[in-house]
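Structure first, commentary second.
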Amino acid sequence: MLNKEKHQLIMGQILRAIYSDTSISSLIGFKGGTCAYFFYGLTRFSVDLDFDLFSSDEATQKLGYEKIGGLLGKYGEVKDNYIKRNTIFFLLSHGDTDHNVKVEVNVRILMPDIKEHYEVKEYLGISMLVGKKDYLFASKLAALTTRSETAMRDIYDVWFFGTNHWDINAEVIKARTGKTIKEYMADCIPFVETVKDNEILRGLAELLPGEKEKAWVKTHLRKEVIFLLKNYQSVLT
Numbered sequence: 053m054l055n056k057e058k059h060q061l062i063m064g065q066i067l068r069a070i071y072s073d074t075s076i077s078s079l080i081g082f083k084g085g086t087c088a089y090f091f092y093g094l095t096r097f098s099v100d101l102d103f104d105l106f107s108s109d110e111a112t113q114k115l116g117y118e119k120i121g122g123l124l125g126k127y128g129e130v131k132d133n134y135i136k137r138n139t140i141f142f143l144l145s146h147g148d149t150d151h152n153v154k155v156e157v158n159v160r161i162l163m164p165d166i167k168e169h170y171e172v173k174e175y176l177g178i179s180m181l182v183g184k185k186d187y188l189f190a191s192k193l194a195a196l197t198t199r200s201e202t203a204m205r206d207i208y209d210v211w212f213f214g215t216n217h218w219d220i221n222a223e224v225i226k227a228r229t230g231k232t233i234k235e236y237m238a239d240c241i242p243f244v245e246t247v248k249d250n251e252i253l254r255g256l257a258e259l260l261p262g263e264k265e266k267a268w269v270k271t272h273l274r275k276e277v278i279f280l281l282k283n284y285q286s287v288l289t
C-alpha cells in the first residue's frame, strides 16, 4: 500500500543525505519523475529516486555504491542491491506494508557533457544537482518506447511536460535513440495510439491525486498526448 506522505518523507531524507555528503554530491544528478514532482510541479506522485552518475570509471561507481548503500540503511532495510548493466540499484523497505523505494543510478554516459544538463536547485535548504526541463522531457520521451513494458506514467509525464510547453533537448534524443526529434516523434505517435484507454491507469492510478483525475486520464489522456506530440512535430524542422 502506498502511503504518499510517509513515502515522500523518506525520499526527502534520502535526498538530503546524498546531497549533504560532499564526497558524492557533485558526482550525481537527480532526474526522473520524482525530480519533476519535487522541483517542477508534476501533478502525479512518484515513488522512485533516479540519478545519473557523472563519471563512469570503476572507482566512482564503487564510491557511489558504497556511500548510497551506507546511508540508505538508516531509513529501512536494503532488500536488494547490485551494480550491473550500467546501473547501481537499491531496493529499500521502510515497513512491511509500505511501498518500497527504488533507488537507481545510471552509470552509462551517453554524452560527454552530461553534467551540463543539470543545474543547482534548493529543496528545503539543501542544494542539489537537478535535471533541466529539456533534459527531463527528452529522457522521458526516449523511455516511452524503449522500456520492456509500457509505463503509463511516461505517457502522463509527456502530457504534463508538453502541456507546459517544455523544450525537448535534441542532443539527448539523438544520443538515446539515434534519431532527430522529428524522426523520433514519428515513432512515439503510433506507439501511444496503440495504448488502450482501459489500460492507461495501470500502475498510474495510485499516483494520481483523486477520482476526478483518474476519470480524466481514462477518458482523455491518450488523445491529448497524441495531439501534443503532433503539435510538437508540426513546429520541428
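The number in the numbering used here is simply the position in the sequence shown, starting from 1, with 52 added. Beta carbons: idealized from backbone N, C-alpha and C, even for Gly.
Could you pull the DSSP bridge partners for residue i from this structure?
i	result
D132	L143
Y175	I178
Y170	G183
What's the C-alpha gap between residue i and residue j?
i	j	result
M237	K282	8 Å
G81	K184	10 Å
F90	N55	17 Å
I278	V244	7 Å
D239	I233	10 Å
L280	V247	16 Å
K83	K275	27 Å
G147	A69	20 Å
L181	M63	16 Å
I166	Y187	10 Å
G177	Q113	27 Å
V153	K126	13 Å
L67	E265	28 Å
L288	F141	37 Å
N47	D102	Nothing can be reported for residue 47: it is not among the residues displayed for the chain, which extend from 53 to 289.
D132	L144	7 Å
H59	V99	7 Å
What do you get for residue i, buried or exposed, if any count of 16 or more other CB atoms within 10 angstroms of its CB means buried?
i	result
R34	As shown, the chain starts at 53 and ends at 289. That puts residue 34 outside it, with no answer to give.
Y71	buried
A194	buried
M163	exposed
V172	exposed
A88	buried
D104	buried
S191	buried
R96	buried
G93	exposed
Following the continuous alpha helix (DSSP H) through residue i, name the residue where it begins and the one where it ends.
i	result
L193	K185 to T198
N283	R274 to V287
E156	It is not in any alpha helix (DSSP H) - E156 instead sits in the beta strand (DSSP E) that spans V153 to N158.
I162	Residue identity differs from the one stated: residue 162 is Leu in this sequence, not Ile. Per DSSP, L162 belongs to no alpha helix (DSSP H) and is neither H nor E.
T74	Counting along the chain, T74 falls outside any alpha helix (DSSP H), and DSSP gives it neither H nor E.
I207	M204 to T215
L124	E110 to L124
V244	I233 to E245
V224	A222 to T229
W9	Residue coverage of the chain in this structure runs from 53 to 289, which leaves residue 9 outside it and unanswerable.
In the DSSP assignment, find the beta strand (DSSP E) that holds residue i and state where it starts and stops.
i	result
G81	I80 to K83
F97	Note, F97: premise wrong, no beta strand (DSSP E); not H, not E.
D104	L101 to L105
Open item on the list: Does the contact criterion of 3 or more C-beta pairs under 8 Å hold for the stretch 252-263 versus the stretch 226-235?
Closed with: no
Task: Touch test, the stretch 204-213 against the stretch 262-275, Cβ-Cβ under 8 Å, three pairs minimum - done: yes
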